[in-house]
Amino acid sequence: MEESELRKLLQTKNGCRIPVMLPIPDVHKVDKLPFMPLPPYNRIKDKKQKFRQLLEEKATKRKVNIARSSFEYSECDALEISQERHIAVLRQCAEKVQPPPMLKSWERKIFSLIPPKLRNAYPTIAEDLLKESKNEWNRNLHDLAVKTVIRDVPGVPRKRYEEPHFKFHGVTPNYEKMVKFRKKLQSGSLLLHPFIRLVLESSEKTFPEFIINLSKYRAKGPFHLDDFHTKVLEEIKKADYLVSSTWYSILANWLKNPRCLKGMKPKRIPDFVSCATKIISMQIQELMRRSIDAIITSLGNPECVPIINIDLDFNGEFIYDPSLEEVFNVFHNIADAIAHIAQRLMPIEQYLKIPYNYDALPVKYNDWLNKDSHDRLQQQLNIVFEPLVQYLVDLRVAYSMLYGAPAKTQLSKFINQAKEFEESRDKIKYFQEIDSDITAVLENEYFNCAIVCQRRMINGLKARALEFINDIIAGIVKTHMGENDSICKEFEIIAAKALKEPENAAELIEQGVYILHAKTVLVEVLKERILRQINIISNLLEMTSLSPEHVASNTRTVNWLTDIKPIFERNATAYETFKAEMEENLLTKIAYLNKEVSEITPYLELLDNMDDIDHTLEYLEHLRKLVHRLDDCDKLVSWINNEEVTFKFPVSHYSDLEELKDFIKPFHNLTYLVHKWKRSFYTWMDGPFEYLDHEKIEQDHDFYYKEFLKLSKAYRTKIKQQISEGVEKRFQGLVDDPDINNLPAPMKLCAQAIAEIKSWRPNVQMAHIMCNPALVQRHWDEMSNIAGFDLTPNAGTSLRKIIEYNLWEDIDQYEIISVAATKELALITNLNKMMAEWTDICFKTSPYKDTGIYILSGLDDIQSVLDDHIVKTIGMRGSAFVKPFEAQVRNWYEKITRVNATIDEWGKVQSQWLYLLPIFSSKDIVAQMQEEGVMFVEVNNIYRRYMGSVDKDPHVLEIAGGMGVLESFKIASGMLEKINDGINNYLERKRLYFPRFFFLSNDEMLEILSETKNPLKVQPHLKKCFEGINRLVFDPEFNISAMISMEGEQVEFLETISVAAARGSVEKWLVQVEDQMLKAVKSETELSYYDYPNLSRVDWILSWEDGYSDIRN
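Residues in the sequence shown are numbered from 3 upward in steps of one, following this note's numbering.
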């Protein structure tokens, strides 16, 4: 609508008046028409019902046909088939019947019913309505023709057609009300106001269909993203100007007209302003919605999508510039810009000179529509730009050898694992071929939505390929220099070993063998490696230039072939010189050894005089010197033999040295053993009394006695053998002489030691009695009473003094006291050990299911320890040696028996408490058993109080052995017994009221009775109470209307059962369920019985539940 037309409309004399409404049509004109113009009664519901009935009949017939056994068709069946085929042909012909067209006079009559003003203003709509009437005419006549030819049921006459009732019968009793409300609507509706009509009409003619036409931008060719964004925003600004300046200024001029609100009551003005504001806002929002939807629709059309110039870059990752996210943001920004047009319109109150409290007319696009449009826009953008995303995926696959961190990692792994130069060279050729393929890539890639410039990507891929080639070359250079260093290091090792001065003959011979191997084998191998290095360096010169360090490394490696020869010559000269010097040194050492042996031999005569047991310390000093000299000679012999083997000389044997060793070393060991015996003897006799261990004294005494006997026999046999063989170097003396003084020195020492040990043997018993660590003061007092004087040890007491007291007459009494002390010590030690074990024994707690309550666990381990300690304590109490600490043992026994009883009671209370806790957690049960509820609260307090004590201090002995704990749990156990009796009586009353409860266990009954507010908890237990009921049908108010079996068959109750009426008593409404179950079954059985004659057997079986069919059978 042009601005001039709008101004012309404002200048008319009726521009500011409410339009005159048409008069009420005369309904009696319908009586003169040859037909009824009102639409017929809608029979769709009846048709749907008949169609459903037909489907049910077909399904029933099909079910019977499937269940019925197959049999041969009879002649009658063939006739029925032919009849059905005949009816089908007739129906097909009737469908083709063309009804006569509507008469022209009827068309003119219908057309005349439309007011001329509307007919002239909307000719297209009038033609469409007439066309719709013709189609309805043709359809109804066609249906009538088909029904005339074909009957619904063959052989049954059709019912006479009855004219359907009209929905309205012309003038009704509500006619006056209709007229009244019509006038009220005419005077009070703001939508009929001229300004509102002006807003709607002017927006329809002024506003474009949509703001942005994307197809126009596609026709202009590719755009850079910023240019595209700028041009679109400019077009949105033009649309904003159209709405804000052109269209709204026309409305503002109309509002400035003094006759705008003429005739309107003042109290209606706020409603008018609100209505006008919302209508203006809705028209602008509708423009926003159409424009955004047009963008989304255009993106769905490939011919309308604008073309964007995008650069593709590669810098370790394929990326678009601008990125797809930036492209998406531009389109979303365009949508947001459209949703924010006309935000600074002056309020209507400004033109009407009415107070207002906001800056601009509120035009806000609906939040839900805005979010939905952005979501749909993003979905469409994802579809449009999906080829670009897929193109990136294809590029990543095609250039996976260059793309991302894995390619770099794989290349590094290859460089580190490449052993041969040829592998690296082939890899370089591979990347060079890739570089050639990249060069052949097209500069631009064309898509429907974008033109992708790939110049930067090509440069990036070529740079990455060159980087990988350089890395491989660097790896080859590094490996080459490493090989050079390895070769040089091998030469340096050869040179160092060749120039090293050997310290002995073995090293000299080893050096000679190594140098020979190096000349013949190692140097040749190194020479081959150097030639390969030279071949590699020649290939490297074709690929890259060498660094100064690399050149120096190659030079140093090649020069070793000439530098190693002078070193070999120097080694050959030094080898002969060292060999001569070492042979001369060997002869010198042999001469020194022979001299040393000859000097030691005269000392053997001194050993025959070392036969006094009291001078063993002096003998040891002389013998140690001889033994050290013999050890030095042994080392020298070992060195001489090694040198002889090295020089391949005959190995020398020194029998004189072996005879000296066999003579001196055993005697030195014997003398040292005698010295140890003397030192132990003086330690026992005169050492500190409190540190003596009677068991150690007895063991050492027996050890010395056995050792001296064994050595005496060994020397007797050895000396006899030496005498018979005529050995000169042996001990002098008579082996079998009864006189100790005539025995050889070793045997004489053994005889003296054995005699002293035998003479001291009785004192072992005294030491065993008096050195007992179990003796305490009361034992020493008893011994003192027997001896007649004080025997209590003090700082000056020794075993020698005890022996000198001459206590042998009463030794048996002393032994009895010592044995008793040992037994008492064992008892008190075991008692203390048991007490110490309980310091680490604690109660263990664990959470009970998901309740958050902690209970005792692991009581079996504590019980096993208790049983063991009780048995041990009972054994102690029966011992004859328990009297000194009988009270302590008795107290310990009472404590652990109390702990045992407490733990037993605690376990019983805990098991019963856990069983009753969910029961008394239900307020329904507590309300019905108030006395038991009070007792359970007291038990609960006792249990939780002591569990809190366990949490603070979990030690078993302190908690379970404390005073009052056992008594409290006994009280709790007694109350639990009363509670259990109360629960059993309560359940018994419920069972007597509803006997079917006898089928349920106590736990199941308590679960039902504890959930009286939720009857659905009863469902799982119905199968045990009622054999045929699987569940009941509850409505939202928990009224029971039907029962359902295991097979899913549902039977409705004759009366609805109200659970609320039972007031929480489950047994009451279950009794009603039982009563209704019997009545419903009886009723259904009777109905099925009476229905049997009216249906075939198959239909009857399918119509009624299985149970009633079984009863009828």
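By construction, the Cβ of each residue, glycine as well, lies at the ideal position given by its N, Cα and C atoms.
**Item:** Three-way DSSP call (helix, strand, coil) for His1023 in this model
**Value:** Start at 1 with the first residue of the sequence shown, and residue 1023 comes out as number 1021. Helix.
**Prompt:** When burial is assigned at 16 or more other CB atoms within 10 Å of the CB, is Gly462 buried or exposed?
**Reply:** Here the question's residue 462 lines up with position 460 in the sequence shown. Gly462 comes out buried.
**Request:** Could you tell me the distance, in whole angstroms, from the CA atom of Val868 to the CA atom of Tyr948?
**Result:** The count along the sequence shown starts at 1 and reaches residue 868 at position 866. The count along the sequence shown starts at 1 and reaches residue 948 at position 946. Checking the sequence shown, residue 868 turns out to be Leu, not Val. Rounded to the nearest angstrom, the two C-alpha atoms are 20 Å apart.
**Message:** Taking 7 Å as the threshold (C-beta atoms), are Ile312 and Val454 in contact?
**Reply:** Residue mapping note: residue 454 aligns to position 452 of the sequence shown, counting from 1. Residue mapping note: residue 312 aligns to position 310 of the sequence shown, counting from 1. Yes, these two residues count as a Cβ contact at 7 Å.
**Request:** Could you check which residue in Pro224, Glu485 and Ala520 has the C-alpha nearest to that of Ala498?
**Result:** As a first step, residue 498 is located in the sequence shown; it is residue number 496 there, counting from the start. The shortest C-alpha separation from Ala498 is found at Ala520.
**Item:** First through last residue of the alpha helix (DSSP H) which encompasses Asp869
**Value:** As a position in the sequence shown, residue 869 is number 867, starting the count at 1. It spans Leu861 to Arg879 - the alpha helix (DSSP H) in which Asp869 sits, taken as one unbroken run.
**Item:** For Val901, the nearest candidate out of Glu933, Ser866, Leu916 and Gln914 (CA to CA)
**Value:** For this step, residue 901 is matched to residue 899 along the sequence shown. The shortest C-alpha separation from Val901 is found at Ser866.
**Prompt:** Taking Cβ positions, are Phe580 and Leu672 nearer each other than 7 Å?
**Reply:** Position 578 of the sequence shown, counted from the first residue, corresponds to residue 580. Position 670 of the sequence shown, counted from the first residue, corresponds to residue 672. No. Outside cutoff.
**Prompt:** Unbroken alpha helix (DSSP H) runs of length 4 or more, entirely within the stretch 668 to 745: which are they?
**Reply:** 696 to 727
**Request:** Compute the distance between the beta-carbons of Met785 and Tyr807, then report whether it is under 7 Å.
**Result:** Residue numbering aside, residue 785 sits at position 783 when the sequence shown is read from its first letter. Residue numbering aside, residue 807 sits at position 805 when the sequence shown is read from its first letter. For the pair Met785 and Tyr807, the CB atoms are not nearer than the 7 Å cut-off.
**Prompt:** With DSSP run on the structure shown, which of helix, strand or coil describes Cys844?
**Reply:** The count along the sequence shown starts at 1 and reaches residue 844 at position 842. Here Cys844 sits in strand by DSSP.
**Asked** Name the DSSP beta bridge partners of Ala1044, please?
**Response** Along the sequence shown, read from residue 1 onward, the residue named residue 1044 stands at position 1042. Val1035 and Glu1054.
**Message:** What would DSSP say about Glu447, mapped onto helix, strand or coil?
**Reply:** To locate residue 447, count along the sequence shown from 1; it is residue 445. Glu447: strand per DSSP, three-state reduction.
**Item:** DSSP state of His770 mapped onto helix, strand, coil
**Value:** One-based indexing of the sequence shown puts residue 770 at position 768. It is helical.
**Message:** Please report the distance separating the alpha-carbon of Asn796 from that of Pro690.
**Reply:** Position 794 of the sequence shown, counting from 1, holds the residue named residue 796. Position 688 of the sequence shown, counting from 1, holds the residue named residue 690. Between Asn796 and Pro690, the C-alpha separation is close to 10 Å.
**Buried or exposed (CB count within 10 angstroms, at least 16 for buried), Gly950** = Within the sequence shown, residue 950 is the residue found at index 948, counting from 1. Answer is exposed; the Cβ neighbour count stays below 16.
**Asked** What are the start and end residues of the beta strand (DSSP E) that includes Ile310?
**Response** If you number the sequence shown from 1, residue 310 lands on position 308. Element bounds for Ile310: Ile310 to Phe316.
**Item:** Beta-carbon proximity of Phe733 to Glu826, cut-off 7 Å
**Value:** Translated into the one-based positions of the sequence shown, residue 733 becomes position 731. Translated into the one-based positions of the sequence shown, residue 826 becomes position 824. No, the pair does not count as a contact, with Cβ atoms beyond the cut-off.
**Message:** Which same chain residues end up closer than 6 Å to Gly1030 when comparing Cβ atoms and leaving out the 5 residues on each side of it in sequence?
**Reply:** Here the question's residue 1030 lines up with position 1028 in the sequence shown. Once the five neighbours on either side are set aside, the close Cβ partners of Gly1030 are Ser1047.
**Item:** Burial state of Asn561 (16 or more Cβ within 10 Å)
**Value:** Taking the first residue of the sequence shown as position 1, residue 561 is located at position 559. Classification of Asn561: exposed, given that the 10 Å Cβ count is below 16.
**Request:** State the Cα-Cα distance for the pair Asn1004 and Leu989, rounded to the nearest angstrom.
**Result:** On the sequence shown, position 1002 is the one that residue 1004 refers to. On the sequence shown, position 987 is the one that residue 989 refers to. Roughly 7 Å separates the two Cα atoms.
**Backbone CA spacing between Lys31 and Arg54 [nearest angstrom]** = Residue numbering aside, residue 31 sits at position 29 when the sequence shown is read from its first letter. Residue numbering aside, residue 54 sits at position 52 when the sequence shown is read from its first letter. Unreliable positioning characterises Lys31 in this predicted model, as indicated by a pLDDT of 48, which lies under 50. A coordinate reading is not provided.
**Item:** Residue span of the beta strand (DSSP E) that contains Cys262, given as start and end
**Value:** Here the question's residue 262 lines up with position 260 in the sequence shown. Segment: none, Cys262 is in no beta strand (DSSP E) and carries neither H nor E.
**Request:** Return the CA-CA distance between Val234 and Thr411, expressed in angstroms with no decimal places.
**Result:** Position 232 of the sequence shown holds residue 234. Position 409 of the sequence shown holds residue 411. Going from the Cα of Val234 to the Cα of Thr411 covers about 46 Å.
**Which residues DSSP lists as bridging Asp812, in chain order** = By 1-based counting over the sequence shown, the position of residue 812 is 810. Paired residues: none, contrary to the question.
**Request:** Report yes if the CB atom of Asp613 is closer than 7 Å to the CB atom of Ala747, and no otherwise.
**Result:** As a first step, residue 613 must be located in the sequence shown, where it is residue number 611. As a first step, residue 747 must be located in the sequence shown, where it is residue number 745. Going by C-beta atoms, Asp613 is nearer than 7 Å to Ala747.
**Message:** Do Ile804 and Met772 count as a contact pair if the criterion is CB distance below 7 Å?
**Reply:** Locating residue 772 in the sequence shown gives position 770, where the first residue counts as 1. Locating residue 804 in the sequence shown gives position 802, where the first residue counts as 1. Yes, the Cβ-Cβ distance between Met772 and Ile804 is below 7 Å.
**Asked** Roughly how many angstroms lie between the CA atoms of Pro668 and Ser714, to the nearest whole one?
**Response** In the sequence shown, residue 668 corresponds to position 666, counting from 1. In the sequence shown, residue 714 corresponds to position 712, counting from 1. CA-to-CA, the gap between Pro668 and Ser714 works out to about 12 Å.
**Asked** Expressed to the nearest angstrom, what Euclidean distance is found between the alpha-carbon atoms of Ala254 and Ile350?
**Response** Position 252 of the sequence shown holds residue 254. Position 348 of the sequence shown holds residue 350. If you take the alpha carbons of Ala254 and Ile350, they lie about 8 Å apart.
**Prompt:** Between Ile127, Cys95, Phe197 and Asn176, which lies nearest to Ala147 when the distance is taken from Cα to Cα?
**Reply:** As a position in the sequence shown, residue 147 is number 145, starting the count at 1. Of the listed residues, the one whose Cα sits closest to Ala147 is Cys95.
**Asked** Distance, Cα to Cα, Met483 vs Gly514?
**Response** If you number the sequence shown from 1, residue 483 lands on position 481. If you number the sequence shown from 1, residue 514 lands on position 512. Distance between the alpha carbons of Met483 and Gly514 is about 31 Å.
**Request:** Using a threshold of 7 Å, state whether the C-beta atoms of Ala962 and Thr904 are closer than that.
**Result:** For the purposes of this step, residue 962 is taken as the residue at position 960 of the sequence shown. For the purposes of this step, residue 904 is taken as the residue at position 902 of the sequence shown. Yes, Cβ-Cβ distance for Ala962 and Thr904 is below 7 Å.
**Item:** Asn215 versus Asp295, Glu203, Ala278 and Trp139, residue with shortest Cα-Cα distance
**Value:** In the sequence shown, counting from the first residue as 1, residue 215 sits at position 213. For the residues Asp295, Glu203, Ala278 and Trp139, the minimum Cα distance to Asn215 belongs to Asp295.
**Asked** Thinking just about the alpha-carbon of each residue, which of Asp616, Ala476, Tyr656 and Glu645 is nearest to the one in Lys597?
**Response** Counting from one through the sequence shown, the residue named residue 597 turns up at place 595. When each option's Cα is compared against that of Lys597, the closest is Tyr656.
**Item:** Secondary structure of Pro36, DSSP reduced to three states
**Value:** For the purposes of this step, residue 36 is taken as residue 34 along the sequence shown, with counting starting at 1. Below a pLDDT of 50, predicted positions are generally treated as unreliable, and Pro36, at 46, falls in that range; the measurement from the model is reported next regardless. The DSSP-derived three-state label of Pro36 is coil.
**Message:** DSSP three-state label for Ala442, please.
**Reply:** Taking the sequence shown and counting its residues from 1, one reaches residue 442 at position 440. Residue state, collapsed to three classes: coil.
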